[in-house]
Structure formats: C-alpha cells, structure tokens
Amino acid sequence: MKLYIKYMVSQRCKMLVRKELDNLGITKVKVELGVVDILEDVSMEQLHRLKANLKVSALEVIENKKDILIERIKNVIVEMIHYSDELPKTNYSDFLSEKLNYDYTYLSNIFSEEKGITIQQFIILNKIEKVKELLLYGEMNLTEISYRLHYSSISHLSNQFKKVTGMSPSLYEKMSAKRKSNLEGL
Numbered sequence: 001m002k003l004y005i006k007y008m009v010s011q012r013c014k015m016l017v018r019k020e021l022d023n024l025g026i027t028k029v030k031v032e033l034g035v036v037d038i039l040e041d042v043s044m045e046q047l048h049r050l051k052a053n054l055k056v057s058a059l060e061v062i063e064n065k066k067d068i069l070i071e072r073i074k075n076v077i078v079e080m081i082h083y084s085d086e087l088p089k090t091n092y093s094d095f096l097s098e099k100l101n102y103d104y105t106y107l108s109n110i111f112s113e114e115k116g117i118t119i120q121q122f123i124i125l126n127k128i129e130k131v132k133e134l135l136l137y138g139e140m141n142l143t144e145i146s147y148r149l150h151y152s153s154i155s156h157l158s159n160q161f162k163k164v165t166g167m168s169p170s171l172y173e174k175m176s177a178k179r180k181s182n183l184e185g186l
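For what it's worth, the UniProt record's numbering labels the leading residue of the sequence shown as 1, then goes sequentially.
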C-alpha cells in the first residue's frame with residue numbers, strides 16, 4: 001500500500017513520519033520523498049490513527065490523485081533544487097517527465113490548473129530561494145551561484161532575483177549582513 005503524505009522535504013519530517021508508523025506497529029515501510037510505501041497489511045484503525053497523529057504535526061495523508069501528483073511534482077522540484085548537489089543535465093521538463101513517468105504537457109496542465117502558476121514559475125521561485133540561502137551562507141559568490149544553478153549568466157540570475165524579490169542580489173546580501181550583525185549585537 002502506498003500512502004502519499006504531504007510534508008516538507010526534510011530529515012526531521014521524514015523521521016517524524018517514521019516515528020508515527022513505528023508507534024502504530026507498522027515497521028515494514030519505505031519512507032521517501034513524500035511517499036510512504038507500507039510493505040505489510042494495515043488495519044483501517046491503524047490507518048485512521050496514523051492520519052490523526054500526522055494531522056497533529058501538520059502533516060496529512062493525501063488521497064486525491066490530482067493532489068498526489070501535484071505533491072510529487074513539487075517534491076521532485078524541491079529535492080532537485082534544494083537537496084541535490086547538482087541540477088540535472090537535461091532540461092527540467094524532460095527531467096520531470098522521466099522522474100514521474102508522465103508527459104510534461106499533462107504535468108504542466110494539471111499543475112497550472114491546481115496551483116495557479118506554471119511549473120516553470122515554481123522552479124524559478126525555488127531557485128531564487130536557493131540563491132537567497134547561498135547568499136546568506138556567504139561561501140559562494142554570485143558567479144559560482146549562477147553556475148551551480150545553471151543560469152545562463154549572472155545578469156539572468158540578477159534579473160530573475162529582482163523580479164521575484166524586488167531587490168538585487170547584492171542589496172539582499174547587504175541587508176542580510178546588516179540584519180545578521182544587528183542580531184549578533186543583541
């Protein structure tokens with residue numbers, strides 16, 4: 001039995017899901033990116049208790065097929081941008097189609113219809129969040145960040161950053177540094 005659980009891709013959430021399953025005596029499981037594959041029979045009572053326990057932690061079991069697919073698309077994108085050391089060599093549409101075994105046009109239409117933005121816009125928003133994170137760490141300069149996230153140029157990255165955040169990457173970096181020094185002074 002496969003359960004699709006809506007949760008942020010993080011080790012903490014994954015551990016929380018695994019703990020809830022263990023507490024219910026469900027031990028033969030495979031927990032991955034938003035998906036729990038239960039390899040044993042589960043009673044309806046166990047399933048209802050799991051749903052209730054996860055809800056308390058702001059996690060939910062998704063049962064609608066469209067919602068499941070949307071979550072899978074989002075999880076693949078988030079994992080690809082935030083948790084992978086290297087972005088795919090192919091274009092995003094081919095990568096998503098291959099990873100999810102669906103035609104990209106189908107994925108794109110469902111995503112846009114349900115979320116109100118395109119997959120490409122969702123990818124851009126996540127890339128900009130990653131840029132912000134990398135700028136905060138201060139271990140990479142804009143050229144290195146641009147290369148790592150497969151931007152065609154620093155100018156392209158800067159234009160997208162400004163369009164999404166309303167400020168340039170350098171201004172964001174300065175404001176973050178000032179905020180950090182203010183917090184250290186407390």
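We put the CB at the ideal spot given by N, CA and C, even for glycine.
Unbroken alpha helix (DSSP H) run spanning residue i, endpoints
i: E139; result: Here E139 belongs to no alpha helix (DSSP H), and DSSP marks it neither H nor E.
i: E60; result: First-last for E60: E60 to I62, but that is the beta strand (DSSP E), not the alpha helix (DSSP H).
i: D67; result: K65 to H82
i: T165; result: I154 to T165
i: Y106; result: Y104 to K115
i: K89; result: No alpha helix (DSSP H) holds K89; DSSP gives it neither H nor E.
i: S57; result: Careful: S57 lies outside any alpha helix (DSSP H) and carries neither H nor E.
i: L183; result: P169 to E184
Residue i versus residue j - alpha carbon distance
i: G166; j: N159; result: 10 angstroms
i: G185; j: S168; result: 26 angstroms
i: R179; j: E173; result: 10 angstroms
i: R49; j: L24; result: 8 angstroms
i: K89; j: L69; result: 23 angstroms
i: F122; j: L100; result: 17 angstroms
i: K162; j: K66; result: 33 angstroms
i: D22; j: V31; result: 12 angstroms
i: S176; j: S152; result: 25 angstroms
i: L183; j: E63; result: 44 angstroms
i: K14; j: D37; result: 13 angstroms
i: F111; j: I81; result: 18 angstroms
i: V76; j: Y102; result: 13 angstroms
i: residue 199; j: E60; result: The shown model of the chain, from 1 to 186, leaves out residue 199, and the question about it has no answer.
i: S108; j: S155; result: 27 angstroms
i: V131; j: S84; result: 14 angstroms
i: R12; j: K55; result: 16 angstroms
i: F95; j: G116; result: 22 angstroms
Cβ shell of residue i (< 8 angstroms), same chain only, five flanking positions each side left out
i: V164; result: I124, L125 and I128
i: E114; result: K66, D67 and I70
Unbroken beta strand (DSSP E) run spanning residue i, endpoints
i: E32; result: V29 to E32
i: I38; result: V35 to I38
Spatial neighbours of residue i in its chain, beta-carbon cut-off 7 angstroms, leaving aside the 5 residues before and after
i: S57; result: L16
i: Y92; result: I123
i: L136; result: S176
6 angstroms Cβ shell around residue i - same chain, five flanking residues per side excluded
i: L39; result: K28
i: L157; result: S146 and Y151
i: M140; result: L134
Anticipated Cβ contact below 8 angstroms, residue i with residue j, distance rounded
i: L87; j: L149; result: 7 angstroms
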